[in-house]
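Right, one structure below, let's go through it.
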Ligand SMILES: Nc1ncnc2c1ncn2[C@@H]1O[C@H](COP(=O)(O)OP(=O)(O)OP(=O)(O)O)[C@@H](O)[C@H]1O
Ligand SMILES: [Mg+2]
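Chains as they are written, first to last, in our numbering: chain A, 10 to 373; chain B, 7 to 316.
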């Protein structure tokens, strides 16, 4: 095995990337800036939720709930003109309606529980999720110590790991994934097309080099640069948004390394089937947009139709989000993390295989 | 095969097809060791395509190519090892220094460090490179860049070197300099295969193949091409009066005239037979001043390439 060509490639790639001012900014500055700007922009918490309550008069439990809700600052009282909860939501007067039909909550017994209906407008699904969490948390809080009503509420586990309900805890890890994916795929997809357009590809191929030498020669520098990039992005997440990276740093690094490996592989695969920079750019976006939309960040994977779920499951970003939430908020459940790392790795290996198969050392 | 042992390059019935289109259509030729072999042809004639096949970069559709006895096999690695190739497009990295560019090329060819340093020094001397090795390629002039690209393609000391339009877009002085390097390479026993659009510089080739529409339409020494195409020389005519339409038509139709074509402000006339000039000169001399000149490659090219287009 002769490593001269591979070493030469890596040296050259580093020289070129580190010298290019645009690259420098793209690799070192952009990720941190993007994270901070997007983080703050998307991070505006769900507030001023218009809440309407339809209950029997003088229900002290519900009264307490309402006081707590208003005091939290998240809710305001909705101006409701109708006496129909459904209509109030439909007209947009209220975003959430709490409905207790038959009797007061305190009159509930084990045999005859009082059903509490919560109607939420899901025009904005992200906001709806937040509203649901808030209402349940406050209801839960109100009902604690009120034995007779304990059975009425089922508390979702989501709230458990994010007691302060800070959206940035969910958002920032996902943003880190997006930024790594964006930069890595975009940059590596140019790997061969830049050489093709400059005409230097022909010179490279005129030497008796092996496929693995040129593919690894492009992949290794990209991987190392992306690693530095992701480290900076994570640091920015920790410093600016105070994300508690409670999990083991080793696990986190393993996940990042796998994710970077796979995004580099995807970029390289795109590069092997593109002839021009424009095609590479198009190819990258054809991957990036669906990957972003179907990563569970915009729409929860559970709510997707089965057909879309398949796409979500073969999307490395989905698995990255699963893992990052698990690591950052729960400290990392080893088995869970390893399963999803395995899936990401598999996607990467398949992409590398495709790249390897598509790449030709002749110009045919 | 015994006579083939002296051949640097052997091409027989080479066919390269892109879909239905025949970029190279059944060409055969050979190049001797130590020869400067020129490929001349208009845009799209198939020069670059032929060279790519001989360099192992392109699988031929049919036919056989061998370089120093090696034939195209697998992914062409065996040919790639034997040849040096300077492609038509720019082949160096602008954002790397001269030394870094050469280092990268050496790594592609898996040269040992010591051997590389020795070759680099020898070749930079060879082109009389007088800048710092640490200069960025983007800061060099076009002519110097091409010389550095030549050094890069010679690093692994190939037997045959292919230069695809090495002098396109550089100044006349740089062109002359580059051709003196080509000459020196041949003097050192290297086989040089070169393409060009410039007729004047192709005169330096030992032999020239003229390509048109994927075919070789003539192959000879520059001298041979001229004498076979213009056995009775060429007369350069300069019109005495403005309007010569009548005599122009008469000359073009005459059975004593091989060709009569405008050439700048002059006309070039090639007689058809040994005694043609004696027969037609009484007709010509009252209207033109005439001078017998030696045909140039440009005349050959125009006659062969453009003549056949009619
Ligand atoms: N990969 C390809 N696919 C399709 N057609 C091609 C390909 N490469 C070359 N051709 C066509 O083959 C013909 C010969 O091209 P080639 O580059 O060999 O010409 P050339 O003699 O080198 O011309 P030039 O002087 O412009 O460099 C051209 O018509 C070109 O368009
Ligand atoms: Mg060409």
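Even for Gly, the Cβ is constructed at its ideal location relative to N, Cα and C.
Exposed is the label assigned to residue 92 of chain A, since fewer than 16 other Cβ atoms lie within 10 Å of its Cβ. Taken from the Cβ of residue 193 of chain B, every heavy atom of ligand 2 lies 8 Å or farther away. Using a Cβ distance threshold of 9 Å, residue 283 of chain A and residue 291 of chain A count as a contacting pair. At least one C-beta of chain B is nearer than 9 Å to the C-beta of residue 214 of chain A.
Placement of the Cβ of residue 372 of chain A at a distance of less than 8 Å from at least one heavy atom of ligand 1 is found. Listed by position along chain B, the residues whose Cβ is nearer than 7 Å to that of residue 372 of chain A are 58, 63, 64. From the beta-carbon of residue 14 of chain A, the residues of chain B found nearer than 8 Å are 113, 114, 116.
Under DSSP, residue 244 of chain B shares a beta bridge with B/295.
Residue list for ligand 2: B/53, B/54, B/94, B/170 (CB closer than 6 Å to any heavy atom, chain order). Not a single C-beta of chain B is nearer than 9 Å to the C-beta of residue 101 of chain A.
Chain A places a beta carbon closer than 9 Å to that of residue 82 of chain B, counting this residue as a contact.
For residue 33 of chain B, the uninterrupted beta strand (DSSP E) segment begins and ends at 27-38. Considering only beta carbons, no part of the region 262-283 of chain B lies closer than 9 Å to chain A.
Here residue 110 of chain B is not near residue 341 of chain A, since their CB atoms are 9 Å or more apart. The DSSP-derived three-state label of residue 298 of chain A is helix. In the structure shown, the three-state DSSP call for residue 94 of chain B is coil. The Cβ neighbour count for residue 140 of chain A, taken over all protein chains shown within 10 Å, is at least 16; the residue is labelled buried. Taking C-beta atoms under 8 Å as the contact rule, residue 148 of chain B and residue 113 of chain B fail to qualify, at a distance of about 26 Å.
Looking only at A/80, A/260, A/11, the smallest Cα-Cα distance to residue 117 of chain B is reached by A/11. Taking C-beta atoms under 8 Å as the contact rule, residue 235 of chain A and residue 202 of chain A fail to qualify, at a distance of about 18 Å. Around the C-beta of residue 240 of chain A, fewer than 16 other C-beta atoms lie within 10 Å, and the residue is accordingly described as exposed. At a beta-carbon threshold of 9 Å, the residues of chain A lying near residue 102 of chain B are 21, 24, 25, 28, ordered along the chain. Here residue 31 of chain B has 220, 221 as same chain residues with Cβ atoms under 6 Å from its own Cβ, once five neighbours each way along the sequence are excluded. Of the candidates B/18, B/225, B/95, B/104, B/225 places its Cα closest to the Cα of residue 47 of chain B.
Neighbours of residue 91 of chain B across chain A, judged by C-beta separation under 7 Å: 215.
Taking 9 Å as the cut-off, the Cβ atoms of residue 109 of chain A and residue 65 of chain A count as close. At least 9 Å separates the CB of residue 229 of chain A from every CB of chain B.
Against chain A, the beta carbon of residue 87 of chain B has neighbours under 9 Å at 216, 217, listed in chain order. Residue contact with chain A for residue 153 of chain B: absent (no Cβ-Cβ distance below 9 Å to any residue of chain A).
Among the residues facing chain A, residue 79 of chain B is not included, as its CB has no counterpart in that chain under 9 Å away.
At a beta-carbon threshold of 8 Å, the residues of chain B lying near residue 17 of chain A are 109, 110, 112, 113, 114, ordered along the chain. Segment contact: the region 185-203 of chain B against the region 38-55 of chain B, three or more CB-CB distances shorter than 8 Å; contact assigned. Residue 311 of chain A counts as exposed, since fewer than 16 other C-beta atoms from the protein chains shown sit within 10 angstroms of its C-beta.
Here residue 221 of chain A is exposed. Its C-beta has fewer than 16 other C-beta atoms within 10 Å. Judged by their CB atoms, residue 271 of chain A and residue 357 of chain A are nearer to each other than the 9 Å cut-off.
The C-beta distance from residue 152 of chain B to residue 184 of chain B rounds to 6 Å, short enough to meet the 8 Å contact threshold.
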